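Heads up: the sequence shown begins at 68 in my numbering, then just goes up one per residue.
Every residue, glycine too, gets a C-beta built ideally from N, C-alpha and C.
Nothing here was measured: the structure is a model prediction, and the numbers come from that model.
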Amino acid sequence: MNAIMERWVGSVRREILDRILIINAAHLRKVLTEYEDHFNAHRPHRALNQASPLSPLPDPIDADIRVIRRDRLGGLLHEYSQVA
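Spelled out as structure tokens, the structure:
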């Protein structure tokens, strides 16, 4: 468990805390909550074939794909999804 948490803390530091100025404890909790949602629901993970932990593995698609981008944390994080 220690290795998993070290990896998660490293991701938080590299992707968020090194790029944003935290004002107070409430601001830190809000940023970490937003990042946790992004990490578990949208961020691709190599070990899961680029799927997120809380979503099923995607089926391969050979069709023409349109993608939309959603910015989070003021543009610091980007989430991409397919347009149906």
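Problem - Cβ pair count under 8 Å reaching 3, the stretch 138-148 against the stretch 78-87 - result: yes
Exercise for the section: Buried or exposed for His94, please, with buried defined as at least 16 other CB atoms from any protein chain shown within 10 angstroms of its CB. Expected result: In the sequence shown, counting from the first residue as 1, residue 94 sits at position 27. With fewer than 16 other Cβ atoms within 10 Å, it is exposed.
Handout entry: Rounded straight-line distance, which links the Cα of Lys97 to that of Gln149
Key = If you number the sequence shown from 1, residue 149 lands on position 82. If you number the sequence shown from 1, residue 97 lands on position 30. Each residue's Cα considered, the two are about 27 Å apart.
Practice task
Pull up the distance between the alpha-carbon of Glu82 and that of Tyr102, whole angstroms please.
Solution key: Start at 1 with the first residue of the sequence shown, and residue 82 comes out as number 15. Start at 1 with the first residue of the sequence shown, and residue 102 comes out as number 35. If you take the alpha carbons of Glu82 and Tyr102, they lie about 9 Å apart.
Exercise for the section: Could you pull the start and end residues of the beta strand (DSSP E) that Glu110 belongs to? Expected result: Within the sequence shown, the letter at position 43 stands for residue 110. For clarity, residue 110 is Arg in the given sequence; the question names Glu instead. Here Arg110 belongs to no beta strand (DSSP E), and DSSP marks it neither H nor E.
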